[in-house]
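Report on the structure given below.
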Amino acid sequence: MGDEVVLLDFWPSVFGMRVRIALAEKGIEYEYKDDNLRNKSDLLLKMNPVHKKVPVLIHNGKPVCESLIIVQYIDEVWKDKSPLLPSDPHQRAHARFWADFVDQKVYAVGRKLWETKREEQEAANKDFLETFKTLETELGEKPYFGGETFGFVDISLITFYSRFYLYERFGKLSMEAEFPKIVAWAKRCLQKESVANTLPDQKKIYEFHMKWFGLE
Amino acid sequence: MEEKVKLLGCWTSGYSYRVIWALKLKGVEYDYIEEDLRNKSDMLLQFNPVHKKIPVLVHGGKPIAESLVILEYIEETWPESPLLPKDSYERALARFWIKFGDDKGRTLSVLFFQAPEEKPDENAIKEVVEFLKILEEKALGDKKYFGGNNIGLVDIAYGWLCHWLRALEDMRGVKVLEPSTLPRLHAWVENFEQIPVIQENLPDYTKWLAHLKSRRN
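Protein sequence lines, in the order shown, are assigned to chains V and F. Going letter by letter, the first sequence gives residues 24 to 239 in the numbering used here. Going letter by letter, the second sequence gives residues 1083 to 1299 in the numbering used here.
Right under this line is the structure:
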């Protein structure tokens, strides 16, 4: 077909992982380039001058930035296989709403667990627990957030599973005990090749963060 | 038969106006319900239990929340008078610029919600001007509108640069969007405000300014 697809990413990025999963779901061949965010490549600076962040998908030389925008782009361009968003507009809106919720909350409440000062730890824990409680309620008894099939919301959230060990250590909590449905959902998602082949091991992510943020 | 459309909004919210503009540009009939944000209705709490915020669009009894999610829904449900490009790459670019504004908007509000007696934060002003420069150079360029020759969702998303930014400038005694430094963006504001649907659907400026001032005291 002559499509040239390049992904600029950084292996521990939860946002980059979303794109890797979407590309795998669609069976798209691409070149992966790992960019260390403390030593950004010229290519990254050229392809995402506004934010200088990963992931960036470069399709036939043209860059697409912001992970959920990239996932939607992939879904629209490679529309003949494994749809990631539902076709019904109301269900699509529902999916966008929850993916937006994940974006607004999950990254921030997770980070606060290890960034916050001792006195604020309780508040940070509370926010974290509330956020995941909301997600667990939304998931309910469904196999996936989208219903019967793995989709947009699942992709937006599953990458954070790689940080669960990190959350447990800093939040002094058990994700399985607090959010059994979420953990069961995550393990279900991991049955999919696209997810299993993308998500780094939780311990590896934990060690990376300890070094990167000097938390040791 | 067309299903009923309801919009829960608030005259003080720029997010609310985005939805009004999109609905009116597409000629969609709807019932508007003004919410008092200090005394939220049961209906609002029922339709948006997660965030408890306006705007909420209700179509055929089913609610949709978050202004950008609503805009995409409106675009898909009423495809006449399209507000997003057909080309996937151009759509991705439109979404990128919309997100850019919304993400920055949260940090920009710091400048304007400082206490009245505090001198305007110089760093915050610098950041606002930087943001506007990027918008002008990279998002707008030499186009009449962000959407090209006709307005689109990006223009609607940046509608707050009109009334809302002007009011904040007046309140803080600070000018960030000037024709001398940002000629193309300044021209965009004037062009955008002259579009009939926009002109007819803006809050009264004096009332709006008074409201903003009272909120800060």
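Yeah, the Cβ is synthetic: ideal placement off N, Cα and C, and Gly gets one too.
Beyond the five residues adjoining it in sequence on each side, Leu-1166 of chain F comes within less than 7 Å, by CB distance, of Glu-1157, Arg-1173, Ala-1176, Gly-1234, Leu-1235 in the same chain, given in chain order. Between Val-176 of chain V and Asp-1169 of chain F, the alpha-carbon positions lie close to 24 Å from each other.
For Asn-1283 of chain F, the CB contacts under 7 Å within the same chain, skipping 5 residues up- and downstream, are Tyr-1099, Ile-1102, Trp-1103, Lys-1106 in chain order. Within chain F, no residue has its CB atom less than 7 Å from the CB of Lys-227 of chain V, the nearest being about 30 Å off.
Between Arg-41 of chain V and Val-94 of chain V, the beta carbon gap of about 6 Å places them in contact (Cβ cut-off 8 Å). For Gly-1091 of chain F, the enclosing beta strand (DSSP E) begins and ends at 1087-1091. Around the CB of Asp-1237 of chain F, 16 or more other CB atoms lie within 10 Å, so the residue is classed as buried. For the pair Gly-169 of chain V and Pro-109 of chain V, the CB atoms are nearer than the 8 Å cut-off. The Cβ of Thr-154 of chain V sits no closer than 8 Å to any Cβ of chain F. Identification of residues in the stretch 83-116 of chain V having a C-beta nearer than 8 Å to some C-beta of chain F yields Lys-85, Val-87, Cys-88, Glu-89, Ile-92, Ile-93, Gln-95, Tyr-96, Glu-99, Val-100, Pro-112, His-113, Arg-115, Ala-116, given in sequence order.
Val-1132 of chain F reaches chain V at Phe-124, Thr-157, counting residues in chain order whose Cβ is nearer than 7 Å. Distance from Leu-91 of chain V to Ser-179 of chain V at the Cβ level is roughly 6 Å; contact confirmed, criterion being Cβ atoms closer than 8 Å.
Pairing His-74 of chain V with Phe-1178 of chain F, the inter-Cα distance amounts to about 11 Å. In the DSSP assignment, Tyr-1114 of chain F falls within the beta strand (DSSP E) that extends over 1113-1116.
The Cβ of Val-129 of chain V sits no closer than 8 Å to any Cβ of chain F. Between the beta-carbon of Gly-1241 of chain F and that of Ile-1280 of chain F there is about 7 Å, and that keeps the pair under the 8 Å contact cut. Distance from the CA atom of Leu-1190 of chain F to the CA atom of Leu-1243 of chain F, rounded to whole angstroms, is 12 Å. A Cβ-Cβ separation of about 5 Å places Thr-221 of chain V in contact with Arg-43 of chain V under the 8 Å criterion. Trp-121 of chain V is classed as buried because its beta carbon has at least 16 other beta carbons within 10 Å across all chains shown.
Close CB contacts of Leu-238 of chain V within its chain, under the 7 Å cut and outside five residues either way in sequence, are with Trp-137, His-232 (chain order). In the DSSP assignment, Lys-63 of chain V falls outside any beta strand (DSSP E), carrying neither H nor E. Beta-bridge partners assigned by DSSP to Ala-1147 of chain F: F:Val-1138. When secondary structure is reduced to three states using DSSP, Lys-234 of chain V falls in the helix class. In the three-state reduction of the DSSP assignment, Pro-1164 of chain F falls in the coil class, being assigned neither a helical nor a strand state.
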